[in-house]
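Residue 948 is where the sequence shown starts when you use the numbering used here, and the numbers rise one by one after that. Even glycine gets a Cβ: it sits at the ideal position worked out from N, Cα and C.
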Amino acid sequence: MRIAIAGATGVVGRHTVAAATSRGHDILPLTRGTGFDLERGTGPTGTSLAAVLAGVDALVDVSSVQTTATARSRDFFTAVTRNLLAAERDAGVEHHVALSIVGIDGVDASYFAGKHAQERLVQAGPVPFTILRATQFHEFAEQMTERLSLGRLITPIPVGRFRPIAAREVGARLVELAESGPAGRARDLTGPRDERIAEMVRRMFAHDGVRRPVVEFGLPGAYGRAAASGVLRGGADADRAAITFDEWVRSEDHTPVDVRPGSAASARR
Ligand SMILES: NC(=O)c1ccc[n+]([C@@H]2O[C@H](COP(=O)([O-])OP(=O)(O)OC[C@H]3O[C@@H](n4cnc5c(N)ncnc54)[C@H](OP(=O)(O)O)[C@@H]3O)[C@@H](O)[C@H]2O)c1
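This is the structure we're talking about:
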């Protein structure tokens, strides 16, 4: 199959590309680095998205924006989803696969507002679709550490009760779904064990040799309440992946904190 991957260089995008390539698929990566701005709906050097998507069998959207602002998230996911669906319709792409997040029902705020907007557009759109909801990635511990760095003294981490999953396993599932054809809302996919994000970061720091206190704090607002409540862990009917957080920390998928871009020595205290 020829599979377009929007967000191919991201945390889950890289694993999606690897899984698709290993299964013999032909990949078309859509990122700003490869000349596409999906929010503006532009392709490299003036080509239309629809022209580029000619001959594509399925498009997997794992693009994202780093924000907790409701309006910014909604604007990003609305623009990207509209642009992709219109181009897929015009190019005759017959399967749109979107990745969303487990447990966001009733939390139409912060980053999740964009995911709701995305899901609604995909469900009402012109292209047959599959929506997979997954829980927070193990890699979320790395992402949080990078984004919430407060000087060199402490790492503040919001209260969060998750059932995290390796992005590698999400990427593999997305490729299986792309191969299987449009299925509507797919069965949710969660990790194998319940975790507190602050504990995940502490264990990651211990593995990486980082001596820096992790301080847990309550995040206000709908997102904070949802993360603290445990609702983002998903239900008993979800599929459970295999790789635990501790296995992931010891694997090549984890880049030790002190060698990650932007967090070099600053994390070692
Ligand atoms: N992180 C989690 O724990 C988690 C859990 C469940 C679901 N998800 C979902 O998984 C998806 C991917 O998340 P992620 O954390 O893997 O994202 P990420 O690492 O932040 O990667 C985002 C990707 O989107 C691309 N991108 C951003 N803006 C773009 C634009 N205007 N045009 C084209 N490409 C653009 C980026 O490439 P360039 O910068 O080169 O453009 C990059 O490849 C999201 O839909 C997210 O909601 C994430």
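Taking 9 Å as the cut-off, the beta carbon of T1028 is found no closer than this to the beta carbon of Y1058. Boundaries for D1022: no beta strand (DSSP E) harbours it, while the alpha helix (DSSP H) harbouring it runs T1017 to A1038, taken from the DSSP string. Secondary structure note for H1043: its beta strand (DSSP E) is the uninterrupted segment H1043 to I1048. Ligand 1 has a heavy atom closer than 8 Å to the beta-carbon of S1047. Cβ-Cβ distances below 6 Å link V959 to V1009, A1114, V1117 and G1118 in the same chain, with the five nearest sequence neighbours on each side left out; the list follows chain order. Taking the Cα of G1177 as reference, the smallest distance to any Cα among R987, P1105, R1094 and S1020 is reached at P1105. Residue range A1005 to D1008 is occupied by the beta strand (DSSP E) that includes V1007. Between ligand 1 and E1142, a heavy atom-to-CB distance of less than 8 Å is absent. Look at A1081 here: in three-state DSSP terms it is strand.
A Cβ-Cβ separation of about 21 Å leaves I1112 out of contact with G1131 under the 8 Å criterion. Rounded to whole angstroms, H1085 and T992 show a C-alpha spacing of 37 Å.
Pairwise C-beta distances place the region 1060–1077 out of contact with the region 1146–1154, as fewer than three of them are shorter than 8 Å.
Rounded to the nearest angstrom, the Cβ distance from L985 to L1031 is 6 Å, consistent with a contact under 8 Å. Close CB contacts of A1145 within its chain, under the 6 Å cut and outside five residues either way in sequence, are with I1104, V1161 and E1163 (chain order).
Around the beta carbon of A1071, fewer than 16 other beta carbons sit within 10 angstroms, so the residue counts as exposed. The residue among V1003, P976, D1055 and A1169 with its C-alpha nearest the C-alpha of S1020 is D1055. A direct Cα-Cα distance of roughly 17 Å separates G1171 from Q1090. Close CB contacts of L1124 within its chain, under the 7 Å cut and outside five residues either way in sequence, are with V1044, T1077, L1079, A1130 and A1133 (chain order). DSSP places T1137 in the strand class (E or B) of the three-state scheme. Here G990 is actually not in contact with A1173; their C-beta atoms are around 36 Å apart, not less than 8 Å. In chain order, F1109 and P1111 place their CB closer than 6 Å to the CB of Q1083, counting only its own chain and leaving out the 5 sequence neighbours on each side.
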